[in-house]
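Under the working numbering, the first residue of the sequence shown carries the number 9, and numbering increases by one thereafter.
The beta carbon of each residue, even a glycine, is placed where N, CA and C say it ideally should be.
Only a predicted model underlies this, so the values are computations on that prediction, with no experimental measurement involved.
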Amino acid sequence: MAEAAVLGILSAFEPYLREELNLLSGVREDIEYVRGEFERMTHFLRVADAIEDRDPKIKIWVKQVRETAYDTADALDMYLLCLRHHHSIGFRGFVRKVSFFIKTLKARHQIASEVKGIKSRIINISEGHQRYSDMHSKIEQASSSTHSDIAWYDCRGDALLLQDADLVGIDKPKSHLIKWLVDEDPRLKVLSIAGMGGLGKTTLTKKVYDDTTVKRRFQNHAWITVSESFKVEELLKDMIRVLFEDARQPLPRGMDSMDPNSLKGTINAFLQQKRYVLVLDDVWGIHAWQVLRIILPECNCGSRVILTTRNVDLASFASKEYHGMVYNLEPLPRKESWALFCSKAFKENSCPSYLEDLSKDILKKCEGLPLAIVAISGLLSTKQKSLNEWERIYRGLGAELEGNDKLMSMTQILSLSYFDLPYYLKLCFLYLSIFPEDCLIDYWRLIRLWAAKGFTEVKEGMTREEVAEGYLNDLINRSLVQVVEVRRDGKRFKAYRIHDLWREMIIAKSREQNIVTISSVRSRAWPEKLRRLSVHHKLEDIQQSICFTRLRSLLVFSTTDSLSMLSKVASLGKGVRLLTVLDLSRAQLETFPHEVVKLLNLTYLSLRSTNVKMIPKAIGKLKKLETLDLKGTNVTELPDDILNLQHLRHLLLYRYNDAHCYSPFHGKIGFKALVGIGSLLYLQKLCAIEANQGNVVREVGKLTQLRRLQILKLQKEDGMALCSSLEKLNNLRSLCVAAIEEDEVIDLDSLSLPPRLLQTLYLRGRLKKIPHWIPSLHNLKRLGLGWSKLKDVVPLQSIQDLPNLLDLELGSAYEGDELLFKAGWFQKLKYLRLVHFVGLKWVRVESSSMPLLEELVLQDCKLMMELPSGVEHLANLKYLNLSDMCETFISSLNRDLQGGDYWKIAHVPEITEHLNDDNTGFRQDNEDNFSHFGCDIPSLATAAVLLLYLLLRVIQAAASVMLVVTCLFTAVLCCRTAAVLLLLLCSSLLPFCCSLLLF
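Set out below in structure tokens:
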């Protein structure tokens, strides 16, 4: 990662050296020297980054270079901030220039001193390592060595020695894989077993490989461990030894002197016309597979190759090439995890009741990872079975992972995936530690943060965000990031998380390298130079002069501490002048923090989901700002000064309004578009502008970099202008257009060349007909038509043949009484939503229509009396949602009703029903929560409480009656007067009447 820091500096030197400011004598030369040294370091850093954890001397050198690079970036940025001035001409300009030079003389001396100090540090680093020459040979030697030279690496072989009694949850996958291996297909097949480190891929494969059924099926057997850093010749020689020994044949003569091609030929010739099973364990990259696939003869003998890998892309590539399949190994289920944990932690005994809750909390950290369960439960088995001891281990699990010898092998095995990352992915991966535990990581938030921090390389023809998307996909394919929520368009995933153990490890690594500092309940000592701060809980009292002067990123996840955090930021003044990222999403903010406009280095600002109502004109000072995220705020208008932000790439400002005074049609509120918005030429996302002012629609055509566009309040007469603009937006991927009123016509039929890359399209407003260009959108994956109210043309006919359509939402799109999904239509559709069809009575689905449909939503179609005819043909349907349908429709689905429709949906795993009287409208981002299908039955606890309440009331009423009788009897015995008797009766009857009323 030191290389990432250095490369970031190299790309930033040029603007400083082009400045026309009069630097003090020698400063420019010093800056040039520093740049030259950093350039010479990059080659060594690329190799050193990969091995620094295995060599303390190199680790120290890399740390020194990294810190020097960061300090250089700070000095250069401070240089611009302190010495920035406005240029002017003439005599007045000359006077201003002289005045400015005098005023900034002190700052110039400070910068000159800092640059000289950095130069001196670099000289010391260089001379200390003999100008890198001696170290170069050592680095090359270390990088070429395999991990087999390292003692802890061999512990992965322990998986091959496990007995069946030590295994949990392996029977089902083992049986499945054996069945696949021994099938009668004569073609060569590759079975890939993929998953993150520690899931038990090697263990499972070994049990399959050793099974007697497999042994009898194949003539030749070979198990080869590849590893992430292998030597081709050694690997091929090992394979020859294993194959020839298995066949009990002597090794080929001269094998030790053969070149790689001869070795490959020997293996290929040996395997000809043989039915073999070959295990390639722990294959890390496609390069390794390309080396090995050449030796595999395809002789139609029924041979099989089993490949284990952490790389999902590699697994898919290898299996598709050789008619195979990918088996994605999943974590152990809860029951099996608990059984494995108890067997290791308590041996033959069961878990003591007083440790059960804490044991389950510890087990939750393992998340079904067998390696982690075995290692941590093994550690606990050596500890006292006391609540305090186990609580200490649970709280300090991160420290245990770092320093406990019993967990070292597990930590090292998991860390192999990290060591294998290229330098640019290491930095991105460690940056994930900014997110709190159990926090779902939003896709676009992460992408924009990576881009804002400059973590992405510059690639020709690609935006920084597109490069970042590739990085994230790479981390997913390497099983380092887990997918939690999948987008319906199938293009990408929506939310992510990282394994709890990985999180503990990257927090430790990030703290060690000063990548991110986390303020939480368990915060440790703060670094002297704080660079990126993530506030998870409460911000502790620290010395601001030490920690905040170098601060580059501030993210606040604690809403309870947001105000105190902001007050600290406000009090720091110049202390945070270098800040580039400020994320205060969901903070308790009512007004825009005025101190923010002083952060002139800011590139990323998020006030998402706060109560901010107005943005000040001074925001125009933030000339470097690239992302302004105001989604979910109360802002409806931006100052004209926003147009000064010429580097702006993402402008997000809209919210959903669910107030009852608005119809569902006006559920989304954007902002009043600025005249001149077309000057923001770098905009990639513009969401969501209101187009009912000025010449805004035409200006949108100037924004040729747009990827996503949302336009609200469009009028019919603006349709032609919008079409003209859309024809210029060749990079557009997502488009949402909403009319100004429900009955306003959206006229987009004059669009002759629609954006060819468009993947998402939402049209909300009346349509005379389906725009003629929609069927030509071959990349379209999501389509929504709301309030179209088509009369004469059934909307499905023209869109049924879209080749990549996955998600279709129709809301009040057609005023006819029947929708027909014909055979062969919508071959890739997975999600279908029909909402608020006023006249719709029947829906028919012919056989072979929508064969891949997984989710069907029917909402507010009051005239539908029965399920869609043919819904029973939808074999892949997993979820049926029925919302605000008529009572006859719902009652027909009673499974006990003779002649009902339940049999049509009996194959659907999940069915929900929801009554909703307030909102029956079409909405792009549906956020309704549905209860399970059927009537709600009071729980036993509720019934018991109600019964007890009634019993108490009965007792109270009986007591009141007894009180009345007693009072009457006493009054008679005492011969009281009539007045006293009446008073006693009233006082007695009052509680009696109250009891009856309450009852």
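Between the alpha carbons of Leu-562 and Phe-556 lies a distance of about 10 Å.
Three or more Cβ pairs closer than 8 Å define a contact, and the region 304-320 meets that threshold against the region 284-291. The Cβ neighbour count for Asp-904, taken over all protein chains shown within 10 Å, is under 16; the residue is labelled exposed. The Cβ atoms of Gly-819 and Val-846 do not sit closer than 8 Å to each other. Taking a 10 Å sphere around the C-beta of Ile-131, we find fewer than 16 other C-beta atoms and assign the residue as exposed.
Annotation: Glu-445 to Leu-89 spans about 36 Å, alpha carbon to alpha carbon. In this structure, the alpha-carbon of His-184 lies about 10 Å from that of Ile-178. For the 8 Å CB-CB criterion, Leu-646 and Leu-682 form a contact. According to DSSP, residue pairing for Trp-231 in a beta bridge involves Val-287. The beta carbons of Asn-787 and Gln-805 sit about 21 Å from each other, so the pair does not count as a contact at 8 Å. Excluding sequence positions up to five before and after Cys-350, its CB lies within less than 7 Å of the CB of Ser-358 and Cys-359, all in the same chain and listed in chain order. For Thr-464, no alpha helix (DSSP H) segment is defined, and its DSSP state is neither H nor E. Shown here, Thr-213 sits in a helix according to DSSP, grouped into three states. Assignment of alpha helix (DSSP H) within the region 320-383, counting only whole runs of 4 or more residues, yields 320-329, 342-353 and 361-374 in chain order. By the Cβ-count criterion, Val-491 is exposed, with fewer than 16 other Cβ atoms from all chains shown falling within 10 Å of its own Cβ.
By the 16-neighbour rule on beta-carbons within 10 angstroms, Asn-889 is buried. When rounded, the separation of the alpha-carbon atoms in Lys-434 and Leu-714 is 30 Å.
According to DSSP, Ile-919 shares a beta bridge with Leu-888. Residue environment analysis places Ser-121 among the exposed positions, since fewer than 16 neighbouring C-beta atoms fall within 10 angstroms of its C-beta. If you draw a straight line from the Cα of Leu-633 to the Cα of Ser-614, it is about 11 Å long. Of the candidates Val-916, Gln-867 and Ser-542, the residue whose Cα lies closest to the Cα of Asp-892 is Gln-867.
For Arg-195 and Arg-249, the gap between their C-alpha atoms comes out near 26 Å.
Just measuring C-alpha positions, the residue of Glu-749, Leu-661 and Glu-725 sitting nearest Leu-717 is Leu-661. By the C-beta density criterion, Met-622 is exposed, having fewer than 16 other C-beta atoms within 10 angstroms.
Listed in chain order, the non-local C-beta contacts of Pro-258 below 8 Å within the same chain comprise Phe-252, local neighbours out to five positions each way being set aside. Here the alpha carbon of Arg-505 sits roughly 14 Å from the alpha carbon of Cys-374. The beta carbon of Thr-712 is closer than 8 Å to those of Leu-689, Lys-736, Leu-737, Asn-738 and Asn-739 in its chain, skipping five residues each way along the sequence. According to the DSSP assignment, Leu-791 belongs to the beta strand (DSSP E) that extends over 790-794. Straight-line spacing of the CA atoms in Leu-638 and Tyr-770 works out to 22 Å. For the pair Ala-914 and Thr-920, the Cα-to-Cα distance works out to about 13 Å. If you draw a 10 Å sphere on the C-beta of Glu-192, you find fewer than 16 other C-beta atoms in it, and that means exposed. In this structure, the CA atom of Asp-289 is about 41 Å from the CA atom of Arg-539. For Phe-679, the secondary structure class from DSSP, reduced to helix, strand or coil, is strand. Secondary structure of Ile-131 (DSSP, three-state): helix.
Leu-541 places its beta carbon less than 8 Å from that of Ser-527.
Burial check for Arg-261: the Cβ neighbour count within 10 Å stays below 16, so the residue is exposed.
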